[in-house]
Each structure stands twice: as C-alpha cells, then as structure tokens.
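Novice:
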Amino acid sequence: MYSLIPTPEVQRFLEFISTGLSPSAAAKQSGLNPHESVLVRKLAGIPISKKYTQVYENVLKLRSEGLTHRQIAKQLGISPSLVNKCICTHNKQSR
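To get the numbering used here, take the position in the sequence shown, counting from 1, and add 173.
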C-alpha cells in the first residue's frame with residue numbers, strides 16, 4: 174500500500190480551507206492552480222460543490238426517516254446510484 178505525503182503547498186491549502194477561506198483564495202495563497210485544488214479536495218474528501226453538500230445532507234436526513242434509496246431518489250430528483258454513493262460515503266466516514 175502506498176503512503177501519500179502532502180507537499181507543503183497542499184498542507185497550506187488544507188489549513189486555509191479549514192479556516193473557512195474559499196477554495197479559490199486558498200489555492201492562490203498556497204500556490205496551487207484550480208485543477209490541483211479540485212484534486213486535493215477530492216483526495217481529502219472535501220465536497221467540491223455546495224449543491225452536492227446539500228444533496229448529501231438531504232439524502233442522509235431522508236434515510237434516517239426510513240425512506241428507501243428509490244424513494245429518496247424520486248423525492249430529490251436524483252439517481253438511485255447517487256443516493257447509494259452518499260450513504261456509502263457517510264458509512265465510511267462513520268467508521
């Protein structure tokens with residue numbers, strides 16, 4: 174198994190993000206280009222868009238209310254596979 178060691182630029186970027194700085198501003202200040210900042214956020218498990226974050230939260234809320242994957246997908250107007258992805262991501266983070 175490989176071990177990834179973040180570069181100083183990536184470490185600064187993640188520190189800026191954790192303080193609430195916008196991703197674009199954090200990328201500029203840490204010396205990353207926009208494509209690199211997206212890749213780093215994906216690897217770190219940080220949502221790329223606010224829209225996905227809202228969908229993710231809505232999926233978890235509806236699932237906690239006992240709805241099935243198909244019912245959630247229909248209610249939110251998304252695919253059942255995206256519902257499954259949100260729930261699997263949540264389960265991995267909860268371990």
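Glycine included, each C-beta is placed from N, C-alpha and C at the ideal position.
Bear in mind the structure is a predicted one, so any value in this text is a computation, not a measurement.
Look at the alpha carbon of residue 219 and the alpha carbon of residue 256, and state the distance between them as a whole number of angstroms.
Specialist: As a working note, residue 219 is residue 46 in the sequence shown. As a working note, residue 256 is residue 83 in the sequence shown. Cα to Cα, the separation comes out at about 18 angstroms.
Novice: Evaluate residue 216 with the Cβ neighbour count: other Cβ atoms within 10 Å of its Cβ, from every protein chain shown; 16 or more gives buried, anything less gives exposed.
Specialist: Within the sequence shown, numbered from 1, the residue matching residue 216 stands at position 43. When all chains shown are included, residue 216 counts as exposed.
Novice: Hey, which unbroken runs of the alpha helix (DSSP H) at 4 residues or more fall wholly within the stretch 176-212?
Specialist: You should have 181-191 and 196-203.
Novice: What number of angstroms, rounded off, separates the C-alpha of residue 194 from the C-alpha of residue 180?
Specialist: Mapped onto the sequence shown, residue 194 falls at position 21. Mapped onto the sequence shown, residue 180 falls at position 7. Each residue's Cα considered, the two are about 19 angstroms apart.
Novice: Specify, as a first and last residue, the run of the alpha helix (DSSP H) that residue 254 falls within.
Specialist: Locating residue 254 in the sequence shown gives position 81, counting from the first residue. Run containing residue 254: 253-267, per the alpha helix (DSSP H) assignment.
Novice: Would the beta-carbon of residue 249 fall within 8 angstroms of that of residue 232?
Specialist: As a position in the sequence shown, residue 249 is number 76, starting the count at 1. As a position in the sequence shown, residue 232 is number 59, starting the count at 1. Result yes, Cβ atoms of residue 249 and residue 232 sit closer than 8 angstroms.
Novice: Given a cut-off of 8 angstroms on the beta-carbon distance, is the pair residue 206 and residue 198 in contact?
Specialist: Numbered from its first residue, the sequence shown carries residue 206 at position 33. Numbered from its first residue, the sequence shown carries residue 198 at position 25. No, they are not a contact pair.
Novice: I'd like to check one pair, residue 246 with residue 252: are the Cβ atoms closer than 8 angstroms?
Specialist: Your numbering for residue 252 matches position 79 in the sequence shown. Your numbering for residue 246 matches position 73 in the sequence shown. Yes, these two residues count as a Cβ contact at 8 angstroms.
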